[in-house]
Amino acid sequence: MKGKEKFEDKEKEYFFMKNICILVASERRNGNCDLLARFADKYIKEKGNESKIIYLKDFEIKQCQGCMSCVFKNMKCKLDDDLYKLADAIIKSDALILLAPTYVLTVPGKLKVFLDRFLCLYPMIKDNLEKPALSIGVSSPIDWNQFQLPMMNILLLALGLRVIDSFIVYGAGQGEVLLEKKIKAIEKSIEKIFGYESQPFISVVSNYCPVDYCDVFQRVEKDLFRCPVCLTPARLVEQGFYFDAKDLNQHRWTAKKMKEHFDEWILTTKERFRRLLPDIHRKKKDLGLI
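Residue numbers for the sequence shown follow the numbering used here, so the first one is 116 and each next one is one higher.
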């Protein structure tokens with residue numbers, strides 16, 4: 116990876132990154148996400164790396180209007196906001212750490228608004244794949260966070276990143292996360308970033324999808340399930356779910372599958388719409404909508 120330097124430090128061999136971006140998707144300064152971000156930033160710099168904390172709240176990200184000009188006209192989004200500024204900060208980094216609080220089972224709305232704009236970012240990210248990313252969700256210690264990590268990791272995958280670790284740190288009140296033992300897991304996960312080298316997925320039995328850490332599955336038939344985030348099939352076995360390496364390496368967020376999605380579906384919808392337009396117009400008249 117560009118920007119990495121390799122050296123040996125006693126027992127461990129590290130690959131140092133020049134720049135790790137830490138994105139905080141919480142509106143609250145000095146809140147749990149902010150504190151964990153500062154903890155990660157401190158650890159990264161202690162190990163000789165550069166890192167920068169950026170706050171989603173500092174960027175104006177407008178809601179996608181669905182005009183599709185970015186796709187069909189191959190032009191930058193016409194909305195005047197900070198989308199490209201934020202995307203540029205992420206894409207130019209060597210790795211990303213994403214922190215977000217849990218609001219009603221999942222991520223805050225502004226993070227979803229950012230995700231909804233990923234179509235116009237595709238030209239920027241399609242050749243910028245497989246950089247490592249870590250997602251850390253913050254949740255109160257009750258059973259209300261099932262979609263937190265999957266939604267966070269959908270954003271990371273949409274940005275062309277490789278999710279190398281993903282977990283929840285529990286804490287409701289401001290600063291409670293600092294009392295959790297799992298805070299030490301952040302250091303171990305950051306070390307995974309230091310030593311990251313892109314490798315194919317291998318076959319594994321797991322209780323969550325190795326691509327996106329989703330532990331919610333769709334049942335296809337009898338013992339066959341699939342991950343709803345990346346569509347990787349999994350076979351239910353005694354110890355969990357069996358994921359085959361071939362399937363894992365063909366998940367829907369790979370560069371090849373994303374290109375197929377754009378070329379064979381999204382780009383074809385324009386001509387499809389034009390072909391269906393007379394039928395749509397007649398149906399509108401029949402239903403009294405015009």
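No residue lacks a Cβ here, since even glycine has one placed at the ideal position from N, Cα and C.
It should be emphasised that the depicted structure is a prediction, and the values quoted were computed from it without experimental measurement.
Can you name the residues that DSSP bridges to residue i?
| i | result |
| --- | --- |
| arginine 153 | Arginine 153 pairs with nothing; no bridge assigned. |
| glycine 406 | In the structure as shown, the chain starts at 116 and stops at 405, and residue 406 therefore has no counterpart that could be examined. |
| isoleucine 279 | None, per the DSSP bridge assignment. |
| valine 414 | Lying before the first or after the last residue shown, residue 414 is absent from the chain, which here runs from 116 to 405. |
| glutamine 75 | Given a span of 116 to 405 for the chain in the structure shown, any question on residue 75 remains unanswerable. |
| proline 247 | Arg277 |
| glycine 252 | Ala215 and Ile283 |
To the nearest whole angstrom, what separates the beta carbons of residue i and residue j, a pair I think is in contact under 8 Å?
| i | j | result |
| --- | --- | --- |
| alanine 215 | cysteine 136 | Between cysteine 136 and alanine 215 the Cβ distance is about 14 Å, and since that is not below 8 Å, they are no contact. |
| alanine 152 | lysine 225 | Not really, about 16 Å apart at Cβ, beyond 8 Å. |
| phenylalanine 174 | aspartate 197 | 4 Å |
| valine 228 | glutamine 178 | 6 Å |
By the three-class DSSP mapping on this structure, what secondary structure does residue i have?
| i | result |
| --- | --- |
| arginine 232 | coil |
| glycine 290 | coil |
| arginine 390 | helix |
| threonine 383 | helix |
| isoleucine 257 | coil |
| proline 238 | helix |
| lysine 117 | Confidence at lysine 117 is low in this model, with a pLDDT of 42, below 50, so the placement of that residue should be treated as unreliable; the coordinate-derived value is given next. If DSSP states are grouped into helix, strand and coil, lysine 117 belongs with coil. |
| tyrosine 323 | coil |
| tyrosine 199 | helix |
| valine 219 | coil |
| tyrosine 285 | strand |
| glycine 403 | coil |
| aspartate 209 | coil |
| histidine 376 | helix |
| glutamine 180 | coil |
| methionine 266 | helix |
| lysine 125 | Caution applies to lysine 125, whose pLDDT of 44 falls short of 50 and renders its modelled position unreliable; the value that the coordinates give is listed next. Lysine 125 falls in the coil class under three-state DSSP. |
| leucine 363 | helix |
| tyrosine 311 | coil |
Beta carbon of residue i, beta carbon of residue j: below 8 Å?
| i | j | result |
| --- | --- | --- |
| proline 265 | tyrosine 311 | no |
| serine 321 | phenylalanine 358 | yes |
| leucine 201 | leucine 230 | no |
| threonine 467 | valine 319 | The displayed coordinates of the chain run from 116 to 405. Any statement about residue 467 would go beyond what the structure contains. |
| valine 219 | leucine 382 | no |
| cysteine 329 | proline 315 | no |
| leucine 150 | leucine 272 | no |
At a cut-off of 7 Å, is residue i close to the ligand GTP when judged by its beta-carbon and the heavy atoms of the ligand?
| i | result |
| --- | --- |
| phenylalanine 262 | This structure simply doesn't include the ligand GTP, nor any ligand for that matter. |
> Counting Cβ pairs closer than 8 Å, one from the segment 247–256 and one from the segment 158–175, do we hit at least three?
Replying inline: no
> Okay, do the segment 345–357 and the segment 378–392 touch, 3+ Cβ pairs below 8 Å being the bar?
Replying inline: Too few Cβ pairs lie closer than 8 Å, so no.
>> Pairs of beta-carbons, one from the segment 144–159 and one from the segment 301–310, closer than 8 Å: are there three or more?
In response: yes
> Are there three or more Cβ pairs, one per stretch, closer than 8 Å when the segment 356–371 is compared with the segment 286–298?
Replying inline: no
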